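Notes follow the structure.
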C-alpha cells in the first residue's frame with residue numbers, strides 16, 4: 007500500500023521514547039521529514055534523530071513544553087522554518103507518568119495534579135493545533151492524530167485527572183473533524199490499551215502486566231510499533247476519509 011508520505015512534514019510530540027519514538031521512526035521510513043519533540047529527555051530525542059538519519063531519513067528534534075504556549079509556538083515555528091510547514095501532527099505528548107499503585111481514593115487526588123493534567127493535556131493540544139492548522143489549511147491537506155487512551159471507556163481508579171483529560175482530547179478531535187474537514191484536514195484519535203513502553207514498565211509490576219495481558223483477546227499487550235502503525239496509516243494519504251472517530255489498539259480488551 008502506498009501511504010503517500012514521501013516529503014510530507016510530520017510533527018510528532020513526545021517522541022523521546024515509546025509510542026512517539028516508534029511513530030517518528032515509521033514516518034521517516036516512509037519518506038516523511040520528521041520533527042520530534044521532547045520536554046526533558048533531549049538525549050532520547052537526539053538518539054531517535056540519529057537513528058533516522060543513519061537510515062537515510064530526515065529528522066530534527068525540538069524542545070516542547072505542553073504547559074507553555076510560547077514553547078509550543080517556538081517548536082512549531084521551528085518545524086515550519088526547517089520543513090516549510092506541517093502536514094501531519096501526531097499529538098502524543100502527555101504530562102501523565104502512569105497509574106499509582108495501589109490505586110488512590112479520589113479524595114486523595116491532589117488538586118494541583120488535577121489542574122496540571124487538564125491544563126497541559128488540553129491547553130497543550132489547543133495551542134499546538136492552533137499553531138499548525140493555518141499551514142494545513144493553506145495546503146488544503148492535513149492530518150491530526152491524537153493519542154488518547156482506551157481506558158477512557160472503563161476508567162482507572164485514582165486517575166480521574168488523566169481519564170478526564172483524555173476524554174476531552176477525544177471530544178476535541180471530533181469537533182476539529184467537523185470544523186476542518188472541508189479544508190482537506192482529517193482529525194482522528196488513536197486509543198492504545200496497555201502498551202509495552204518504558205512508562206508502563208515503570209508503573210506496573212510484572213504481575214499486574216501479566217493480568218492485563220491475560221485480559222486481552224490476543225493474550226498480550228501491544229508493542230509501541232503496533233500502535234505506531236495505526237498512527238502512521240491514519241496520518242497518511244492512504245487514509246482518505248477516516249475522521250472524527252476513535253481507533254483502538256488494545257489487543258481486544
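In my numbering, the protein residues as written are 7 to 259.
We put the beta carbon where it would ideally sit given N, CA and C, even for glycine.
Predicted model, so just to flag it, every value in this text is computed and none were measured.
Please classify residue 233 as buried or exposed, where buried requires at least 16 other C-beta atoms within 10 Å of its C-beta. So residue 233 counts as buried.
Check whether residue 199 and residue 227 have beta carbons under 8 Å apart: Contact flag set, yes.
List the whole-angstrom C-beta distance separating residue 252 from residue 240, where the pair is believed to meet the contact cut-off of C-beta under 8 Å. 11 Å between Cβ atoms; not a contact.
Other residues of its chain near residue 146: CB distance less than 6 Å, five sequence neighbours each side excluded: Answer for residue 146: 190, listed in chain order.
Give me the DSSP bridge partner(s) of residue 69. BP columns for residue 69 point to 44.
If you measure between the beta carbons of residue 204 and residue 23, is that distance less than 8 Å? A distance below 8 Å separates the beta carbons of residue 204 and residue 23.
Between which residues of its own chain and residue 149 is the CB-CB distance below 6 Å, once the five residues before and five after are set aside? If we look at residue 149 and ignore the five residues flanking it on each side, its Cβ neighbours are 94, 192 and 241.
For residue 8, does the three-state DSSP call read helix, strand or coil? When DSSP states are grouped into helix, strand and coil, residue 8 belongs to the coil group.
Nearest neighbour of residue 256, chosen from 197, 130 and 15 [CA to CA]: Residue 256 has its Cα closest to that of 197, out of 197, 130 and 15.
Limits of the unbroken alpha helix (DSSP H) element including residue 177: Taken as a continuous stretch (DSSP letters only), the alpha helix (DSSP H) holding residue 177 covers 166 to 186.
Can you name the start and end residues of the alpha helix (DSSP H) that residue 26 belongs to? Taken as a continuous stretch (DSSP letters only), the alpha helix (DSSP H) holding residue 26 covers 24 to 35.
For the beta strand (DSSP E) that residue 105 lies in, which residues bound it at each end? Residue 105 -> no beta strand (DSSP E), and no H or E assigned at all.
Are the CB atoms of residue 123 and residue 101 within a distance shorter than 8 Å? Taking 8 Å as the Cβ cut-off, residue 101 and residue 123 qualify as a contacting pair.
Residue 160 burial status per 10 Å Cβ neighbour count (16 or more: buried): Classification of residue 160: exposed, given that the 10 Å Cβ count is below 16.
Which residues DSSP lists as bridging residue 255, in chain order: Its beta-bridge partners are 198.
Residue nearest to residue 177 in terms of C-alpha spacing, selected from 188, 152, 164 and 157: Taking each of 188, 152, 164 and 157 in turn and checking the Cα distance to residue 177, the smallest one comes out for 152.
So residue 21 packs on residue 29, CB below 8 Å; how close in whole Å? Contact flag correct, Cβ pair sits at about 7 Å.
Terminal residues of the beta strand (DSSP E) in which residue 234 lies: Note, residue 234: premise wrong, no beta strand (DSSP E); alpha helix (DSSP H) at 230 to 240.
N-terminal and C-terminal residue of the alpha helix (DSSP H) that residue 3 is part of: Examination of residue 3 is not possible in this model, given that the chain is present from 7 through 259 alone.
In this structure, how does DSSP classify residue 190 when only helix, strand and coil are distinguished? Residue 190: coil per DSSP, three-state reduction.
Same chain, Cβ closer than 7 Å to residue 166, neighbours up to 5 away in sequence not counted: For residue 166, same chain residues with a beta-carbon under 7 Å away, outside a window of 5 residues either side, are 112 and 115 in chain order.
Find the nearest neighbour of residue 132 within the set 174, 184 and 89, judged by alpha-carbon distance. Nearest C-alpha to residue 132: 174.
Going by DSSP, which residues form a beta bridge with residue 152? BP columns for residue 152 point to 97 and 195.
Is the Cβ-Cβ distance between residue 13 and residue 39 less than 8 Å? In this structure, residue 13 places its C-beta atom within 8 Å of the C-beta atom of residue 39.
When the Cα atoms are used, what is the spatial distance from residue 62 to residue 11? Each residue's CA atom was taken as its position, placing residue 62 and residue 11 some 15 Å apart.
Residue 43 and residue 99 closer than 8 Å at C-beta: The answer is yes: Cβ separation under 8 Å.
Beta-bridge pairing of residue 16 - partner residues as DSSP gives them: The partner list for residue 16 (beta bridge, DSSP) reads 40 and 94.
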